[in-house]
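Structure record follows, encoded as structure tokens.
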Amino acid sequence: MKKIIILCLMACTACLYAQSQILVDKSATGLNNGQTWDNAYTDLQTALQNAVSGDEIWVASGTYYPTSGVNRNFSFEPPSGIKLLGGFKGTESAPEQRNWQINPTILSGDIGVEGDSTDNSFCVVFLHEPDTNTIIDGFIIKDGVADNTAAPSFARGRCGGGMYIMGYDAEAYPDIQNCTFLHNTALQNGAGAMAFGAGMGSVAPRFINCRFESNHAVTGNGGGYARFGGSWLERGDDLEGCVFYRNRAGFQGGGFYYKDSERSDDLDIHGCMFEENEAIDNGGGLYLLLGRGNPAGVSVINCSFTRNIADHGGALILYPNSFLNVNSVHLDSCSFIDNKYRFHDFNDEKAVVSIQLFGANNAIGIINNCIYQNNSNWNLLAYIECSDFTTTCENLLASNNDVGGGFYIQPNSLLDMKAISLKNNKFEGYLISNVTGTGFISYANCIITGNISTVPTYYILNLSSDTLKFTNCTFADNTIPQLDMPNASTYKTATNCIFSGSINKKFFLSTNNHAEYSYCHFDELDCQSLGPTITCGPNNLIGLDPLFRDTANNDYSLLPCSPLIDAGSNAAAAGLLTDISGAPRIQGGTVDIGAYESPTLHLSDSTQIRPACESANGGSISLVPDYGCGPFDYQWDPPVSSGPTANDLAPGDYSFTITDSRGQVFSDTFSIGAASNPQLTPIPSNLQCGNPIGGQATITITNGTAPYTFHWNNNAGDSLLTMLPAGQYSVTVTDTNGCQDSTDMTITQSGQITLSVNGEPISCFGETDAMLSATPANGKAPFSYLWSQGSMDSVLTNLGEGQYIITVTDAYDCTATYSFQVSEPGLLQAQAEGTPTSSLQTPNGTASVIFVNGGTQNYSYNWSNGSSGQTITGLTTGIYTVTVTDAHGCTTTATAEVKFMVGTGELSDLQVQVWPNPMHSWLEIHANNLPSGDWRFILRDALGREVRSEIIAGGRALLDIGGIPGGIYDWSLTNGLEVVQSGKVVK
914 MKKIIILCLM ACTACLYAQS QILVDKSATG LNNGQTWDNA YTDLQTALQN AVSGDEIWVA
974 SGTYYPTSGV NRNFSFEPPS GIKLLGGFKG TESAPEQRNW QINPTILSGD IGVEGDSTDN
1034 SFCVVFLHEP DTNTIIDGFI IKDGVADNTA APSFARGRCG GGMYIMGYDA EAYPDIQNCT
1094 FLHNTALQNG AGAMAFGAGM GSVAPRFINC RFESNHAVTG NGGGYARFGG SWLERGDDLE
1154 GCVFYRNRAG FQGGGFYYKD SERSDDLDIH GCMFEENEAI DNGGGLYLLL GRGNPAGVSV
1214 INCSFTRNIA DHGGALILYP NSFLNVNSVH LDSCSFIDNK YRFHDFNDEK AVVSIQLFGA
1274 NNAIGIINNC IYQNNSNWNL LAYIECSDFT TTCENLLASN NDVGGGFYIQ PNSLLDMKAI
1334 SLKNNKFEGY LISNVTGTGF ISYANCIITG NISTVPTYYI LNLSSDTLKF TNCTFADNTI
1394 PQLDMPNAST YKTATNCIFS GSINKKFFLS TNNHAEYSYC HFDELDCQSL GPTITCGPNN
1454 LIGLDPLFRD TANNDYSLLP CSPLIDAGSN AAAAGLLTDI SGAPRIQGGT VDIGAYESPT
1514 LHLSDSTQIR PACESANGGS ISLVPDYGCG PFDYQWDPPV SSGPTANDLA PGDYSFTITD
1574 SRGQVFSDTF SIGAASNPQL TPIPSNLQCG NPIGGQATIT ITNGTAPYTF HWNNNAGDSL
1634 LTMLPAGQYS VTVTDTNGCQ DSTDMTITQS GQITLSVNGE PISCFGETDA MLSATPANGK
1694 APFSYLWSQG SMDSVLTNLG EGQYIITVTD AYDCTATYSF QVSEPGLLQA QAEGTPTSSL
1754 QTPNGTASVI FVNGGTQNYS YNWSNGSSGQ TITGLTTGIY TVTVTDAHGC TTTATAEVKF
1814 MVGTGELSDL QVQVWPNPMH SWLEIHANNL PSGDWRFILR DALGREVRSE IIAGGRALLD
1874 IGGIPGGIYD WSLTNGLEVV QSGKVVK
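Residue numbers for the sequence shown follow this note's numbering, so the first one is 914 and each next one is one higher.
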């Protein structure tokens, strides 16, 4: 008992230890113990060395290298059973909180010299026998270079530059999720990732939501990913949601390469994208080498193959592994678009898709819902050689391809082709070939239209199958010269088919066995020319217009009046539940001819039924027949109408029968109910002048049935009207049943708008230069203006004295009025006076403005001698004029005289004359009213030297200037104390 308890305790302790989280952040600065983000390990290798099975290692964003040195043999080697999770920011407490796309965690093999691939790690991540609990999630694994020429074939160092999963003689079952394998290289296989399960190994790694980009397997297989070996354990999808982009293989499998081994699992590839991958030999997108003694299956579902390149199998190849068998192939919902051909010559088939497999007993091949578009230069779109398979091809579309041939399908037992569409392709050979099969081949609900062949060829090439059967197929508007098949030994039938356009019907079913056309449509056919092995009839339609719906847009369904509707054989169509579009077969009692089944006469969704409104027989029924061939006959019970529309109906039941020109009948009964009228309650919001939102009008509705339409008396159609002027408003509301109610409401206005006024006064007395303006401060634009003088502008100019009144009106008819009174300033007048100077040597006279009246204060003063100010001083004798300017620039002038005062008297009447000037030999002065005293007349040169002088007697003096040189001279009249007059003369 004690041992059991001890073992349990040890087990529990181990469980607790195994469930720990180890944190790694290269930028952490703490204790470096991996226990918290702050104390995280900075080296991922340290974390891996301390981890045991069951641990989780959380790695923050950043770039991590296998070694800080240059030893290329170092890799990251997570132990089996751990979860290695990247994409953390470094703050999370649960894996679900991380975002590995925003926080890239990079495992890089670019050791040594950065950017130099010759010294990179041979392998970035190495998983040794990982169990099912091993998870690698959220990493970018890049720049591994497995180019070790000394390593054995298939070994680490030579393969798996990004990741190598070892399962040789062991098990390897890891899950690789949300990882990107970028720019890895391998000398041999699996540049991005390699899984090796040779010997007794069992390998089934699952890659989920991973991306393989720009990886290169130089001489081998699997540029993105290579897997060697199957598994004893079925784990579900092997590849799910993965992207293979621009990977390259030196031999096979540009994106993915798989080689089977004797195990029991199926290979499943779901939801993957293969784009622009390249294989030098075969399998641009993927190459699967399949087959076991104990057969299993393969599925490729919901995958896309675009612009991949190879010599053969540009998109994919499924090829037998040592002539061993498979028991099922399922290719479903895949697209093959614009895949490229390398123009090598290793293989004669040269197909976009190649499936060449050996089937075990009762092997099943399913190729459904696939699209082939815009592929060019290939010999074939698909090469399918499935020996001992029962093969079904359904809902395949091939359009706008330019290839040698279409589909080569070689069954050895049963081939069932359903809903095959070949549209607008260009071929140089057959569209479909079934050459060597010996079983039963059936084509149903197929359509082949708008295809072109540059040489005579075959629609369907078949020489030796037991039976070739066409049911409800459409061949139309193809330009394909049909060749004869004289050696064919197949029994051939065509029933319920359309043969329209360029086709040689004589050779279409040619055989040395027997062929039959029945219940088919031909635009032209001479039954007598078909030969003795072909039976023409019964019930073929020849020379009638099939009435296709819209051939310009490749729509070959039938219009309602087509003679091919209900013209086929139900017995031949037995077992066909749907047509090519998925619609039910045999809708009108008899099957239609061609790939499409027309619906029977019925009512369109646009048929309308309206109930009767309160107190009125206003119900109506408007019938819109669909898929009927007009004209139509309408019978009503009671007989309320003879056409498709019955109006003014009271509540009750109304039965009708519609019959079209083909005799189709549709009957039904509709009930007209009683509907309540809508009841309206008006809700007006009055207009407050100055508020730009204006008045509002709306209603509340009770009863009636939504949706409603609204019609106001101003032709508005909304439930709420805004920005309304005052007035009367009415509305009529109609509900979805056509029931109505009306109401009206009054919106009043109050208040007025506010004006902002401005102006300039009259500047000067007698002027007309005033300006007035008014601007609305609120209200709703546009505004109108009206002045009392008749002007309709917001501004008046060139105004004289008077009263001016403006009225402003806004968009709501709200107004505001303002009155301006314009007056003019008084006449500007000024008076000045002077005070005499008592010295002519040092003048001290003054001039002052002693009076200003009128104009507009403030005033400025400018004197004729250049001085300014109301009073000027230090003046000598003379007349001084002042210009007075007011605040508006108006001016007036005044003068002041400064006289000379001698003693107490002024020289007020002194008059002095000096002549001639220019002078010649004499100079005379007359001084009238000269006061008594000793006065002299003096002449000085430019240097101030006295050159002549004379005493004035009787107010006169005469100077003799003979002998003085020419020039400018100053004269003065002085009494010896003061100079009372002076001037200049020239000789």
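In this text, a Cβ means the ideal position worked out from N, Cα and C, and glycines have one as well.
Only a predicted model underlies this, so the values are computations on that prediction, with no experimental measurement involved.
Report the option in the options whose CA atom is closest to the CA atom of residue i.
i: G1080; options: A1068, L1095 and A1389; result: A1068
i: R1849; options: D1873, D1883 and G1889; result: G1889
i: Y1296; options: N1275, I1365, S1777 and G1196; result: G1196
i: D1479; options: A1332, I1499 and T1491; result: I1499
i: V1899; options: H1833, G1226 and S1862; result: H1833
i: I1193; options: Q1577, H1225 and F1420; result: H1225
i: D1023; options: G994, S1528, G1057 and L998; result: G1057
i: P1597; options: Q1577, S1632 and S1580; result: S1632
i: G1857; options: G1880, R1869, P1497 and Y1717; result: G1880
i: L907; options: V1242, G1495, S1066 and G1481; result: This structure leaves residue 907 out entirely; the chain is present only between 914 and 1900.
i: D1179; options: C1155, T1798, F1187 and S1144; result: S1144
i: C854; options: F1383, C1283 and S1781; result: A question about residue 854 goes unanswered here, because the residues of the chain that appear run from 914 up to 1900.
i: M1076; options: P1065, A973 and P1118; result: P1118
i: N1417; options: E1009, S1402 and F1435; result: F1435
i: D1468; options: W950, I1493, A1484 and G1450; result: I1493
i: N1238; options: G1272, T1446, V1211 and F1256; result: G1272
Just to confirm my understanding: we take residue i, look at its own chain, exclude 5 residues before and 5 after, and list those with CB closer than 6 Å. What are they?
i: S1885; result: I1851, V1892 and S1895
i: L1040; result: I1078 and P1087
i: G895; result: Nothing about residue 895 can be read from this structure; the chain reaches only from 914 to 1900.
i: S1535; result: Q1521 and T1558
i: R1071; result: A1059, N1061, A1064, L1100 and Q1101
Grab me the residues of residue i's own chain with a C-beta within less than 7 Å of its C-beta, minus the 5 sequence neighbours each way, in chain order.
i: T1796; result: N1775, T1804 and T1806
i: D1682; result: I1675, S1676 and N1711
i: Y1939; result: No answer is possible for residue 1939: it lies beyond the span of the chain, which begins at 914 and ends at 1900.
i: T1649; result: T1618, A1619 and P1620
i: W1828; result: E1837
i: T1817; result: Any reading at T1817 must be qualified, since the residue scores a pLDDT of 45, below 50, and its modelled position is unreliable; the value itself is stated next. Excluding residues within five positions, none has a Cβ falling inside 7 Å.
In terms of residues, what are the limits of the beta strand (DSSP E) holding residue i?
i: T1790; result: Taken as a continuous stretch (DSSP letters only), T1790 belongs to no beta strand (DSSP E), as it is neither H nor E.
i: L1293; result: L1293 to S1312
i: E1673; result: L1668 to E1673
i: W1835; result: W1835 to N1841
i: Y977; result: G975 to Y977
i: M1636; result: L1634 to L1637
i: A1264; result: A1264 to N1281
i: N1766; result: G1758 to N1766
Identify the continuous alpha helix (DSSP H) that holds residue i and give its terminal residues.
i: Q962; result: L957 to N963
Applying the criterion that 16 or more other CB atoms from any shown protein chain within 10 Å of the CB defines a buried residue, is residue i buried or exposed?
i: I1864; result: exposed
i: K1897; result: exposed
i: V1902; result: One cannot answer for residue 1902 here, as it falls past the ends of the chain, which runs 914 to 1900.
i: Y1882; result: buried
i: D1082; result: exposed
i: I1268; result: buried
i: G1532; result: buried
Sorted by chain position, which residues of the same chain lie with C-beta nearer than 8 Å to residue i's C-beta, five sequence neighbours on each side aside?
i: F1259; result: For F1259, the predicted model reports a pLDDT of 47, less than 50, meaning its position is unreliable; a value from the coordinates is still stated below. Closer than 8 Å at Cβ, skipping near neighbours: D1194, N1195, D1224 and H1225.
i: E1175; result: G1143, R1205, G1206 and N1207
- Message: Three or more C-beta pairs under 8 Å: does that hold for the region 1233–1249 against the region 1210–1220?
- Response: yes
- Could you tell me whether the region 1602–1615 touches the region 1555–1573, using the rule of 3 or more Cβ pairs below 8 Å? no
- Message: With three or more beta-carbon pairs closer than 8 Å as the criterion, would you say the region 1076–1096 touches the region 1043–1062?
- Response: yes
- Touch test, the region 1667–1681 against the region 1544–1560, Cβ-Cβ under 8 Å, three pairs minimum: no
- When the Cβ atoms of the region 1334–1344 are set against those of the region 1372–1384, are three or more pairs found closer than 8 Å? yes
- Query: Three or more beta-carbon pairs under 8 Å between the region 1753–1765 and the region 1784–1795, yes or no?
  - Reply: yes
- Message: Below 8 Å, how does it come out for the region 1487–1505 and the region 1419–1427: are there three or more Cβ pairs, yes or no?
- Response: no
- Taking one C-beta from the region 1725–1734 and one from the region 1788–1795 each time, how about it: are there three or more such pairs within less than 8 Å? no
- Between the region 1571–1582 and the region 1634–1641, do at least 3 Cβ pairs fall closer than 8 Å? no
- Task: Determine, using beta-carbon pairs with one atom in the region 1269–1283 and one in the region 1304–1320, whether at least three such pairs fall under 8 Å.
- Result: yes
- Task: Decide if the region 1092–1112 is in contact with the region 1120–1132; the criterion is three or more beta carbon pairs, one per stretch, under 8 Å apart.
- Result: yes
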